[in-house]
Amino acid sequence: MDKFDLAQTIDQTDLNPTKTLGAARAFFEQAAAYHFASVAILPLYVDLAAAVLKGTQTKVDAAIAYPLSAVPGSMKAAETADAVQRGADEIDYVMNVGALKSGEYGLLVEEARQVVAAADGRVVKVIIELWGLAENEARAACEIACEAGVHFVKSSTGYKGHKDMRASTVDDAHLLLRLVGDRARVKIAGGITDTAFALELLKLGVARLGTSSGVAIVDGLA
Amino acid sequence: MNRAEAARRMNTSIIGPTVTQSEVRDFVLRARMYPLAGLAVEAHWLAFTHEMLQGTPIHTVGVANYPLGGASLDFALQMTRWCYDHGADEMDVNVPIGLLRSGEVDAVRRYLQQLVRIAAGRVVKGVIWSDEMADEEIVETCQLMVECGVPIVKTNPGFKHVTSFHVVPLIKEQLGERLKVMVAGGVRTTQQMLELFDLGADIVTTSTLWQVLDALPEA
């Protein structure tokens, strides 16, 4: 695997809402220079990212209903449509995990379908906050995602404000890969800070990595 | 200050990534035994909570563009409108600090004015990250809120943000009664709550409501 191939597995992430537009522009320019698969950002910065990254191999990946997920599917779809209209190429949205734990599976399939429809053909990843789920809940989340045609299941928001949140692990990757099979791809996010861990996850079959350490990870490749 | 007097100046919340319906129900059932000012939930639980709080003085509080303030401004306004239409009596909505730091003051001004318009007389609180802002920045942001008619500043959204007590007199000395101050983030004890009221806080919020209130005399 060369640096370009590695970079193309990385959604280089910055979800800091206090970032100035100038600092965001520099971040996007660096991401393009490294050829990351995408920049994973808050919707407020999508317009700027789309303008800076036009013509590059780095896409714009908008975080929807992030990080609090107990929002109606119709509003997740509205936020998705808004981000797409502003230039988002990919959508990472957070599943309503409280509804998942309450057994509201039909609602969640409908939510996923609404987001996929609003994304209008663009890649959709659903974040299931695996750190907060029992295995049967993780299975239900994956079934819901696959039923609705979501393209990726993503392990975690990585949002440090959640008191029980933990870094993603190799076991998380094994579990999600087993649960989705060949029906969807797996993105692991949260706690990926070094090249060795990144390569280990990719070797298992993880298709995308969410990290704010993309530069260090790519630079660390021999 | 007795328990009821304190409760009337307090908010609480049940907001988190894994909160279930039964957890919201149990929390609201317990909270409504106190004459609180407000109880905050995410949008999905607004109608449910609003119905449970019927007959109590407790306002159902919704959140939008929260806790980060990174939504597109158009969508943040759309979400705010949706919440008021679906059970929110009040809204806590984040101010986009990144835009302010980028000099986009006019855009933020229009956003705040729109929030107040959508609120249509109902309470809307502008939420900031005071723990990541310099004092001058806090005061300027609060002055902008006053200019736009936002009645209350919420000093932090919680989620591990902790409000320094000095922020209360900082805002009050500059803006007096033109802007109410709600302290959120890091309030865990009765002593902290009482100290904040003494410093001039109008409202205090804590997720450890029972611990903070039950230590006070009932009447």
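For the record, the sequence lines run as chains A and B. Heads up: the first sequence at position 207 corresponds to 207 in our numbering, and the numbers run straight through without jumps. Heads up: the second sequence at position 41 corresponds to 41 in our numbering, and the numbers run straight through without jumps. Note that the Cβ used here is the ideal one computed from N, Cα and C, for glycine as well.
D106 (chain B) is outside the set of residues whose beta carbon lies under 8 Å from a beta carbon in chain A. For A50 (chain A), not one C-beta of chain B is nearer than 8 Å to its own C-beta. In this structure, DSSP gives I91 (chain A) an extended state, which the three-state scheme calls strand. The beta carbons of D89 (chain A) and R122 (chain A) sit about 6 Å from each other, so the pair counts as a contact at 8 Å. Cβ proximity to chain A below 7 Å picks out F159, K160 from the stretch 155 to 175 of chain B. In the DSSP assignment, L21 (chain A) falls outside any beta strand (DSSP E) and lies within the alpha helix (DSSP H) extending over 21 to 34. At a cut-off of 8 Å between C-beta atoms, L68 (chain A) counts as an interface residue with respect to chain B. The stretch 114 to 183 of chain B contains, as complete beta strand (DSSP E) runs of 3+ residues, the segments 123 to 127, 152 to 154, 180 to 183 (chain order). The Cβ atoms of A31 (chain B) and T12 (chain B) sit closer than 8 Å to each other.
Under a criterion of Cβ atoms nearer than 8 Å, the residues of chain B adjacent to M75 (chain A) are, in order, A43, Q78, M79, W82. Against chain A, the beta carbon of F75 (chain B) has neighbours under 7 Å at P43, A78, E79, D82, listed in chain order.
With distances taken between CA atoms, A50 (chain A) lies nearest to A:F28 out of A:Q8, A:D5, A:F28.
Residue pairing for E90 (chain B): DSSP places it in a beta bridge opposite B:V61, B:V123. Comparing C-alpha distances from V105 (chain B) to each of B:W82, B:L73, B:G55, B:V168 shows the shortest one belongs to B:L73. For S130 (chain B), no chain A residue has a Cβ inside 7 Å of its Cβ, as the nearest lies near 12 Å away.
The beta carbon of I15 (chain B) sits closer than 8 Å to some beta carbon of chain A.
The DSSP-derived three-state label of M1 (chain B) is coil.
Annotated as proximal: T18 (chain B) and K101 (chain A), with beta-carbon spacing under 8 Å. In this structure, H174 (chain A) lies near L204 (chain A), with their beta-carbon atoms less than 8 Å apart. Rounded to the nearest angstrom, the Cβ distance from Y34 (chain A) to G214 (chain A) is 7 Å, consistent with a contact under 8 Å. By the CB criterion at 8 Å, V97 (chain A) and A148 (chain A) fall outside the cutoff. Counting along the chain, I97 (chain B) sits inside the alpha helix (DSSP H) bounded by residues 97 to 101.
Of B:C148, B:I138, B:K180, B:Q174, the smallest CA-CA separation from S164 (chain B) is found for B:I138. Residue pairing of L204 (chain A) in beta bridges, as defined by DSSP: absent, with no partner found. In terms of beta-carbon proximity, T13 (chain A) stays away from the interface with chain B, with every pair separated by 8 Å or more.
In this structure S168 (chain A) is buried. Its beta-carbon is surrounded by 16 or more other beta-carbon atoms within 10 angstroms. Contacts with chain A at 8 Å (Cβ-Cβ) do not include V181 (chain B).
Around K3 (chain A), the same chain offers V218, L221 as residues with beta carbons nearer than 6 Å, after the five sequence neighbours per side are excluded. Annotation for Q8 (chain A): no alpha helix (DSSP H) segment contains it, and DSSP assigns it neither H nor E. In the three-state scheme derived from DSSP, where H, G and I count as helix and E and B as strand, A140 (chain A) is classed as helix.
In this structure, T56 (chain A) sits away from A37 (chain A), with a CB-CB distance that is not shorter than 8 Å.
Scanning A:G158, A:L107, A:V109, A:D120 for the CA closest to the CA of W131 (chain A) turns up A:G158.
Rounded to the nearest angstrom, the Cβ distance from I15 (chain B) to L68 (chain A) is 7 Å, consistent with a contact under 8 Å. Taken through DSSP and simplified to helix, strand or coil, T190 (chain B) comes out as helix.
Per the coordinates, the alpha-carbon of L36 (chain B) lies some 15 Å from the alpha-carbon of V183 (chain B). Close to Y111 (chain B), with beta-carbon spacing below 7 Å, lies no residue of chain A; the smallest spacing is near 11 Å.
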